[in-house]
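Below: the structure, in structure tokens.
In full-length UniProt numbering, the protein residues as written are 1 to 293.
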């Protein structure tokens, strides 16, 4: 079992006819994802990758029965694309676009308050249920089906941690790249709660980084809820200089707050096991599961 996606997930791609949209939509189809169409204003009625193209998300949803959308639209138009999908009542929207302006994301966040959509991202690697459904840009080959949930703010580290978990003889129920931007959709805590509710997830790996307070909020939730499954965290950015933006708009240390040491301290106090390096995540989770058993 997985969270957010399953074998019945029917995906459309907003921006499928662009170069990146074409490449990654084709990769998703090859993986076995049920991609059922694309959206590109002005191209409605045409076909691309052998699939129908629609002018709007609403028409694509009505015609194909899509229940998920992947947003692969340039930054300046990405917020409008997300809001269109939200207003079309698409259950799941996975936004991969990087560098979406923060003020635009404030409008998206407001739209989410009035709808039922779950937004992943932007600046997300995507969502992967191994062997079942892939929505995103993640490399595949290192994943395997199993019982470890992975939630991450980092795209590249998600792939590395996934491979390390597989190398330890464990598999993944779902990997979720929640995105590294300061303003994004599904929070770290909300994603963790989805894993807790999934009976096939037996442990969770959290990949966090400097900036923001989501790791601290998750630590507070874990301390209060005391989940009966092991949680392993990797927090990166320990050696990052203060007050320097490190790539993700959310990866920004403000004075003495939001740094790696504070996040690690909060998670350790909540009972989370800290992995010192990406290559230690798999074996750390393996040992934690044996202790729990």
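For glycine and all other residues, C-beta sits at the position ideal for the given N, C-alpha and C.
Whole-angstrom C-beta distance between residue j and residue i, which should lie under 8 Å
i           : j           : result
residue 136 : residue 177 : 7 Å
residue 124 : residue 44  : In fact, because the Cβ distance is near 27 Å, the residues do not count as touching under 8 Å.
Residue i, DSSP secondary structure in three states
i           : result
residue 256 : Because residue 256 carries a pLDDT of 49, less than 50, the predicted location of this residue cannot be relied on, and no value is offered for it.
residue 212 : coil
residue 101 : coil
residue 234 : strand
residue 70  : strand
residue 25  : helix
residue 49  : coil
residue 194 : helix
residue 311 : With the chain represented from 1 up to 293, any question about residue 311 goes unanswered, as that position is not in the structure.
residue 159 : helix
residue 64  : helix
residue 126 : strand
residue 279 : helix
Classification of residue i by the beta-carbon crowding that lies within 10 angstroms, buried from 16 upward
i           : result
residue 143 : buried
residue 40  : buried
residue 8   : exposed
residue 153 : buried
residue 230 : buried
residue 294 : The displayed coordinates of the chain run from 1 to 293. Any statement about residue 294 would go beyond what the structure contains.
residue 263 : buried
residue 141 : exposed
residue 259 : buried
C-beta atoms of residue i and residue j nearer than 8 Å
i           : j           : result
residue 119 : residue 70  : no
residue 66  : residue 10  : yes
residue 129 : residue 162 : no
residue 33  : residue 72  : no
residue 197 : residue 285 : no
residue 122 : residue 55  : no
residue 282 : residue 204 : no
residue 147 : residue 64  : no
Identity of the residues DSSP links to residue i by a beta bridge
i           : result
residue 83  : In the DSSP output, where bridge partners are listed per residue, residue 83 has none listed.
residue 154 : Looking at the DSSP assignment, residue 154 forms no beta bridge with any residue, so it has no partner.
residue 177 : 152
residue 141 : Residue 141 is not bridged to any residue.
residue 34  : 10
residue 134 : 128
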